[in-house]
């Protein structure tokens, strides 16, 4: 027995189908939208693309088999999601865009049978979209989730929720929300959160403005969401009361990794566009792609792609082994978010004036990937967590020696 | 006698007036436009802002005194332009935005008295805008100007010009064009170019589409321009026939530096916004601005600002001494374009989710400054030129030793 | 079937034994040498350490089982070599230092039975050391092996070799040499090389000066070697005539990776020393390890370690699959050489004045790892090769589309 | 009046003489020492070189005219010191090596007439060397000077000093010491330090071991120094009692800058060596210096050199204006220490195997410049100070707005 990095024949076939589908079906539609990639083209296009994905046998690679998906584990998702991410519209087509993909993952792990029928089943089929309402404006839950201020108080036969969320991806048009609210303790406490499920049309749940961000491809936007005496029944509790932070971790690690997979695909597309151009275009008495400074950018892109993939393999394997993999996913996410940004940035640079124009997809890619160094935990917060573990272990070792 | 970095009392007063005007008058208008900074608000706003600048005594710091300007040399322009650049609308307000500012500079050096009256005078007053039509799509004049393909052929009493330009900043709405066309030799030859002046409404001069670029603040856009049997009289020749490349150098070095000045102001605004935020916002048990990783970003921004300014001082002084300063301006431009990008990027990172949203000006600043690493010569072309000089000198030294 | 990153129980046990042996037995001896790590303590210490390694059951993890080794494949070598590399003397103790380790690998693949008995057997046992004589001073075989100038001409019953090599690691005290010499073609030709085996005491083989390099730990130094009418019999030919470049590839890919494994261990030691220090030392009102700028360095080291390991896993797996893995090993080597340098450099910085002194091992580690960005192919040459493949493929794709 | 960067004719002549002297007289001696640059060749060579410098009219450019120097201000020192730094032995030859140069500067500002005669005069002439005894091992005065633990207690007619210093540059062989000791308060207090002068042979002053550091060129080494009931008279007090920290600032800012000047010279030499080599050497079908990746390194070196010089100009001018220039010197030092390291590192990389060997001076230069990122305040401490000022100002501005 030794290390093995092969994919099964089934997975290899799915990778190939996803690759073909994304390039032949999805990418032309994205490019036809030109600069306007807002909300991945909207829900009507989503429905159409998802049907095409179903026809192509590539829909919902992540969803449990009993809910119509391919049931891939994290390791196998990596190459499939990367292929889908090659088009900004690809993840939507396969129903693996954020936040739905992470919500499917979490519901599959935590929801009870009734909740699975009511929420997971239509979500996995693409009949509805969903939102995960955790992040709050300052001084609430941002990089530090324990600052959670949204409150759920016991009410007749259920809970009354009040609070203000923002940067809630996909909120506009979502069919239902998973809401993180404090059921015990005070902001700053590391426990006391509970997750609730609520349909979008529940009274007291209001979607506010779209926050205007650099990235635009997320269907349903990044919105503000208000809970104003939102009443939910006891059956709306996802998992158990007061275990919300714990469940969030179930979602968080894998969600970070699937983000990486998708954005890696996007970065690879940027790289391919740039390489094709420098392989063709001449200047300074040479093909641009034969000039040393361009070769350096090409090679650095290749290195960044390879290292991102390799870190993904490690983190996904740990997750598949049932470990929390907090460190491996933090490392992979931090490296990847910065590497993906560099890849797209170098691709722009290789293409000069064309690179910053909408004549190539690079400028729009650069807008999509920049926020990833902030979303899902800013690089600084991940670095802080990584260092705390290492330095903490060293402190304990020193204490033992004394 | 020794090195002196002081500004005269007059210049110090102009810096201060510009600072006050930009922050009190211009910045509120920019911010009121929110995310929509397209074309610096358009020509109507331009006219209004320029009148306000005249009233404030800060208009046209660069223009010759006889044309209503303050007649500043390059060294003195640096701090004034930086203050104006603090708002994306500031340079337009002071009539020192690209390409007009560089065109004023060049016309002041090269135009004959009639041309000065006809073109420079109204341009310096802000009555019209202008465009500099040099860059061509591949395989024409891009990073390598000698590839110039636009042709001017002798015709009855003048010249007939045919060619295709793009990335012509300010073309839409410009009152006149300075056109670089080949009057001798073939594409690839290092000589044989001539500059022509033409009013925008000349038959045969057509402004095409706006190229949709990451940056949006340039009034008049970056356009395609077509010359289709454009006839110009002999008096349209700017300077002498076949000396166009030489004149372009007169414009190029200073124009690079004024770009740096303006963008440095923009970067400094981004930095100030981020510093104000981390000085206020708390998290992780501390003011964000007291956390080491944030302090590192703040300090690196300060270092980048200081180094950019210091390199500007050097390059401007060489230009003021009448030197071509090709090396000093290439070094300053290359360093500055990358430093300015880093400053804005770190400022975004310091502000997290807010940083990538339109709730702060950082995301829009990041879009404006990214192309500067490509415009005015990509960093790679400048590095190539810098290295060629040094290695070439070493080769000659080796040859002499033999 | 899916991706699996587990090591077998046997390998895990060997990793653990190697870890214990290196830290308990080897490291104290290295540290007792203090600043003087020249030649890993010399051959006498080598013999002693290798006996200790045999007693500990960790000797020769890479050598074929029939020659007394553990017969590990590349994937399994990675963690074992990394543990051995934790001390600069560890690879010597396990008989896996360069160039012997790579020579064992190559002889196991290419040598005939007689050659294996005569050369591989004593080498695998640690009875002798060896050298691989390929690199030549300019204008000979350096970064570009095809420039090979050393000549082997047919002579009575064998070959007469003349040439000048340098940077021949381990040459001083080596029991035998593997010599790369041109048997056909001219310098610049991509074929025509042959490998020869020669005992160190063969007349006409002379070891010159030790080249004084930043790194000092390599036993036998980096030497100049001269072949002056060195006569070798026909049986000295390793493999077949004129296939030397091909065989060099057999050695090169794996040798790059084992270098990475060992130096990664050294870098990790540097990191551990620094982390232990910042976990203990106080300053600026805090443990140094709790300061953000230090945390950033700690986290960046962790990321670099993880990415290096992850790229190794990939490249080793490809090699174990029998692929040449030129791209994967070039990527892993380039990234690793730079990452390892950064790790040690940051570790120094974390320790301040102590970091640059011999009171800690960091300064000496920094000297050992710097040349790795040059040895085994400078980063620039690897990047050039990586880019050439990618751009070449894009050119072919473009040609096909036409 | 406007910015002026010209040097006077006198200074230009001194720059030129220093350049000629360093290259024609000093550099050949350094290179003849080969790898062994320990202590800049020792005191005997120092005496010989200093006589040569006097003969060449380049000795003591910094010392007051009345003490035989050229009396240059900081701005004028920059180019002269850079030329001297071109050889590692140059600063010693001109008597401007650390710590003597900084001590001359401080004594000229603070010492009384008797102290000037007794200590400054022979130091300025090169008759003796000196040491500045401030840094202490943890938990004493390191990066944070206020941690000062060495004590001076009033005794009969003077002071009794006890303490332990380390990293005291030039201590071995110094004629006298300037000692920083606490005369009031407790470690951690920001005041209460006094400077004392003591001849090296005073009983109770003992020079301990040389700390073995990466850098080796400092004459007199970096030593431990012990004060064991060292008795000094009242006249030994330098300046006034309890103002030691304040005086240290007088020394610190300029000393940082002169370090930068000298190391910049050394970096430039490394760059010149590398450029000469890539201008000559061929490979990959081209002069190495015409390959893009090499051109990038050449250009980045040029940019780093130019930016370092430009930041020096700024900081020196502020110092010459009588300002403390804490921010400008911190910025210049931090940027320069990192830039100088990069320059030498790239120079090594350009030269490949030769670069890491003693056949070129690059490897030894790399050892000399690495510690500069730690000495005179680690980069992290400077960044912390830079950020604290900026964030502190922002906090105050916010407080005022409320």
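Protein chains in written order, with UniProt numbering: chain A, 1 to 402; chain B, 1 to 402; chain C, 1 to 402; chain D, 1 to 402.
Here a beta-carbon is modelled for each residue, glycine too, at the ideal position from N, C-alpha and C.
Worksheet entry | As assigned by DSSP and simplified to three states, the class of residue 87 of chain D | coil
Worksheet item: What first and last residue would you give for the alpha helix (DSSP H) that runs through residue 229 of chain B?
Response: Not the alpha helix (DSSP H): residue 229 of chain B falls in the beta strand (DSSP E), residues 222–233.
Item to complete: Since I believe residue 343 of chain D is in contact with residue 304 of chain D (beta carbons under 8 angstroms), could you give me their beta-carbon distance rounded to a whole number of angstroms?
Response: 5 angstroms
Discussion item. Between the stretch 227–236 of chain B and the stretch 38–52 of chain B, can you find at least three pairs of beta-carbon atoms closer than 8 angstroms?
Written reply: no
Item to complete: Quick one: list the residues of chain B neighbouring residue 348 of chain D, beta-carbon separation under 7 angstroms, in chain order.
Response: The contacting residues do not exist; residue 348 of chain D stays about 17 angstroms from chain B at best.
Worksheet item: Listing by chain order, which chain A residues have their CB less than 9 angstroms from the CB of residue 314 of chain C?
Response: 5, 306, 309, 310, 313
Discussion item. Whole angstroms are fine: how far does the CA of residue 108 of chain D sit from the CA of residue 125 of chain D?
Written reply: 14 angstroms
Worksheet item: Would you say residue 417 of chain A faces chain C, with C-beta separation under 8 angstroms as the test?
Response: No statement about residue 417 of chain A is possible, as the shown extent of chain A runs from 1 to 402 and does not include it.
Item to complete: Tell me whether residue 303 of chain A sits in a helix, a strand or coil according to DSSP, three-state version.
Response: helix
Item to complete: Output, in chain order, the set of chain A residues within a Cβ distance shorter than 7 angstroms of residue 291 of chain D.
Response: 292
Practice prompt. Return the bridge partner residues of residue 357 of chain B from the DSSP annotation.
Written response: A:213
Fill in: chain D residues whose Cβ lies nearer than 7 angstroms to that of residue 63 of chain B
Going along chain D, no residue has its Cβ under 7 angstroms from residue 63 of chain B, so there is no contact; the nearest lies around 18 angstroms.
Fill in: C-beta atoms of residue 382 of chain C and residue 308 of chain C nearer than 8 angstroms
no
Worksheet item: When the Cα atoms are used, what is the spatial distance from residue 37 of chain C to residue 136 of chain A?
Response: 56 angstroms
Worksheet item: Does residue 296 of chain C have its Cβ less than 8 angstroms from a Cβ in chain B?
Response: yes
Worksheet item: For chain C, is any of its Cβ atoms less than 8 angstroms away from the one on residue 143 of chain D?
Response: yes
Worksheet item: Are the C-beta atoms of residue 30 of chain A and some chain C residue less than 8 angstroms apart?
Response: no
Discussion item. Any beta carbon of chain A sitting closer than 8 angstroms to that of residue 344 of chain B?
Written reply: no
Worksheet item: Cβ atoms of residue 194 of chain D and residue 181 of chain D: under 8 angstroms apart, would you say?
Response: yes
Discussion item. Assuming residue 362 of chain B is part of the alpha helix (DSSP H), what are its boundary residues?
Written reply: 362–369
Fill in: Sheet register partners of residue 109 of chain D (DSSP bridge)
In DSSP, residue 109 of chain D forms no bridge with anything.
Worksheet item: Taking three-plus beta-carbon pairs below 8 angstroms as touching, is the stretch 284–291 of chain A in contact with the stretch 382–397 of chain C?
Response: yes
Item to complete: Step through the CB atoms of chain C and report whether any lies within less than 8 angstroms of the CB of residue 356 of chain D.
Response: yes
Discussion item. With three or more C-beta pairs closer than 8 angstroms as the rule, is the stretch 344–352 of chain C touching the stretch 311–324 of chain C?
Written reply: no
Item to complete: Could you list which residues in chain C have their beta carbon closer than 8 angstroms to that of residue 300 of chain D, in chain order?
Response: Ordered by position in chain C, no residue passes the 8 angstroms Cβ test against residue 300 of chain D, which lies about 13 angstroms from the chain.
Discussion item. Going by DSSP in three states, residue 72 of chain B sits in which element: helix, strand or coil?
Written reply: coil
Worksheet item: To the nearest whole angstrom, what separates the beta carbons of residue 279 of chain B and residue 394 of chain D, a pair I think is in contact under 8 angstroms?
Response: 4 angstroms
Worksheet item: Can you list, in chain order, the residues of the stretch 190–220 of chain A whose Cβ is nearer than 9 angstroms to any Cβ on chain B?
Response: 211, 212, 213, 214, 215
Worksheet item: Hey, residue 146 of chain D and residue 100 of chain D are a contact pair by Cβ (cut 8 angstroms); roughly how many whole angstroms apart?
Response: No, residue 146 of chain D and residue 100 of chain D are not in contact; Cβ-Cβ is about 26 angstroms, not under 8 angstroms.
Worksheet item: When DSSP labels each residue in this structure, what does residue 298 of chain D get in the three-state scheme?
Response: helix
Worksheet item: Using a Cβ-Cβ cut-off of 7 angstroms (strictly less than) and excluding sequence neighbours within five positions of residue 371 of chain B, which residues of its own chain qualify?
Response: 213, 214, 215
Worksheet item: Just the Cα atoms here: how many angstroms apart are residue 110 of chain D and residue 273 of chain D?
Response: 41 angstroms
Worksheet item: Where do the ends of the alpha helix (DSSP H) carrying residue 245 of chain B lie?
Response: 244–280
Worksheet entry | Range of the contiguous alpha helix (DSSP H) that encloses residue 54 of chain B | 42–55
Practice prompt. Could you tell me whether the Cβ of residue 318 of chain D comes closer than 8 angstroms to any Cβ of chain C?
Written response: no
Worksheet item: Does any residue of chain B bring its CB to less than 8 angstroms from the CB of residue 380 of chain A?
Response: yes
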